[in-house]
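Shown next, in structure tokens, is the structure this report addresses.
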């Protein structure tokens, strides 16, 4: 992930054009554009909302509304690795609370925080569909099932 | 020279418990060919390695690296048919699972793939809909709405554009059968969409897939591409394009109208109904919104006939149900059986009882909005009517079992906090009610609540049930109120004297 946003949080015009492009038969789509921007630079800078709105022909309120609605859209850069702890019911039944505690202790951060080195962001998620081998954590796109608190250190340290 | 072919699942849950590590070790063996299939759904046995031997398919379960030399030498293992969890199932929608490679179009065809579509293409639309009516197929996503009726409404509405939208926002915690279908048998979903498009005259298809399922989205994208290359997306003389669209982590987007808002790029806020999407849906055009499993069930119905489907299950719950067992049991995994078996029998026969050292406390059926069943209520048959009579829901078929270490007050708080997090905010009962509900349960936890607060919680629940716009607010009180109903002491013991 490269930093294509300038220091003021404004987007490069070619990046913006790329991310808001749609097929001729498509209608302009705010969510799709925001996801595309996030895919490229890791988050959507709130200062870029007017730019995005202008490009898509939407109001700033529309763009800000979509940006604030979806849990997966970020307004700040995450750590290099995002660790998500599943809090779905099957994981709850299989003591995901202990996993979460082990992660918090090991990383020294709470849910929604990034460690001081910018390496790890800790998040919770409601169900990864991995229920039959719960409890589950995900590091970026890789899932780990039947996780035990004692394994947390080993799993996390593979990504350091 | 290849001497041995080994079969390993490529399903996300199989990979999450180490199948890829085994595959990597085996790759270095020069005389071994690896075939990555879909999963049989017996996840408690994963990692599994299978091999064809003179006496048939042999299976090695819970394999570790140390077992590999023995497997290569053909030592040990058990016959596939000897695994009761699999042998006792009736698989139709999941008939290919564990057998085919997900993206092998020829393998899908060999196993009756596209037979349903072939039949539909030579059948008049109203006759296809009649077949679905005879079949008695009801939506498997949770609402259990008769599918034929949606298709009929879309067929009868005249418009230049119509859409088929597959709801792949499988957000109910404890469910994973849609993920399995998309990862493991993606052409079945494509076939179901094509049958629907041909019947109602749809011009474009979308699969709205939750962000948490990257492998499922990848598999669907690849399958759509392969189908397109093979000319399969040519329908009635024009191309029927199918797009896979990713969600962004909102649970309520599994509700069909919120999903359509999100697909249009806006906040995933619920729309008031009517109009129903079949008449006015995506961009106000007639739109069939159906869950993955529902659409994937259509091909078998067309291929085998509606009467075949209607012959399975119970009076008003026809066909099979895909139960997804999770939580504190010995044998979590996917179970496809005809409707009608009791919950108790499912837990005994398939779940295999509790995980070692655990004692049963409650089973939750139907995801985070589903009711809790204590031991005394397990004799309920798994079908829509019995559940509806009990004020419960089958939802998307998830069953999560909790053990005696579960704190019911904390669990109830967890449910309300979930709804408060996920409420779209459009209607007051859900937006405010879920927050007030969570606060009341936190008060119980802190030891500051009185009997009057529990009464207030119950009143709040009644308001949410009757006045919420969609099932999120309308169902959210059920797990909480059933927790209080069946485990009253856990709540009352924490009240302020």
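Chains as they are written, first to last, in the numbering used here: chain A, 1 to 160; chain B, 161 to 657. Yeah, the Cβ is synthetic: ideal placement off N, Cα and C, and Gly gets one too.
For residue 638 of chain B, the uninterrupted alpha helix (DSSP H) run begins and ends at 637-646, by DSSP. Per DSSP, the unbroken alpha helix (DSSP H) holding residue 453 of chain B starts and ends at 452-464. Counted as a single uninterrupted DSSP element, the alpha helix (DSSP H) harbouring residue 54 of chain A occupies residues 49-56. Nearest CB-CB separation between residue 578 of chain B and chain A: below the 8 Å threshold.
A Cβ-Cβ separation of about 16 Å leaves residue 156 of chain A out of contact with residue 145 of chain A under the 8 Å criterion. In the three-state scheme derived from DSSP, where H, G and I count as helix and E and B as strand, residue 447 of chain B is classed as strand. Considering only A:12, A:93, A:121, A:97, the residue with the shortest C-alpha distance to residue 518 of chain B is A:93.
Around the beta-carbon of residue 329 of chain B, 16 or more other beta-carbon atoms lie within 10 Å, marking it buried. Under DSSP, residue 493 of chain B shares a beta bridge with B:485.
With contacts defined by Cβ atoms closer than 8 Å, residue 253 of chain B and residue 453 of chain B form a contacting pair. Listed in chain order, the non-local C-beta contacts of residue 581 of chain B below 6 Å within the same chain number zero, local neighbours out to five positions each way being set aside. Residue 30 of chain A is a Cβ neighbour of residue 426 of chain B, given a cutoff of 8 Å. In this structure residue 488 of chain B is buried. Its beta-carbon is surrounded by 16 or more other beta-carbon atoms within 10 angstroms.
Scanning the segment 303-358 of chain B from its first residue to its last, the whole alpha helix (DSSP H) runs of 4-plus residues come out as 307-316, 337-344.
Chain A has a Cβ within less than 8 Å of the Cβ of residue 422 of chain B. Nearest CB-CB separation between residue 44 of chain A and chain B: not below the 8 Å threshold.
DSSP places residue 520 of chain B in the strand class (E or B) of the three-state scheme. Chain-order list of chain A residues neighbouring residue 406 of chain B: 35, by C-beta distance under 7 Å. For residue 560 of chain B, the closest Cβ of chain A is nearer than 8 Å. Contact note: residue 136 of chain A reaches chain B through 176, using a C-beta cutoff of 8 Å and chain order.
If you ignore the 5 residues before and after residue 114 of chain A, its C-beta comes within less than 6 Å of the C-beta of 79, 121, all in its own chain and listed in chain order. Closer than 8 Å to the CB of residue 112 of chain A there is not a single CB belonging to chain B. DSSP lists no beta-bridge partner residue for residue 44 of chain A.
Scanning the segment 531-555 of chain B from its first residue to its last, the whole alpha helix (DSSP H) runs of 4-plus residues come out as 544-549. Residues of the same chain with a CB within less than 7 Å of the CB of residue 416 of chain B, apart from the 5 flanking positions on each side, are 327, 437, 449 in chain order. In the three-state DSSP reduction, residue 74 of chain A falls in the coil class, being neither helix nor strand. Just so you know, the alpha carbons of residue 391 of chain B and residue 377 of chain B end up roughly 21 Å apart.
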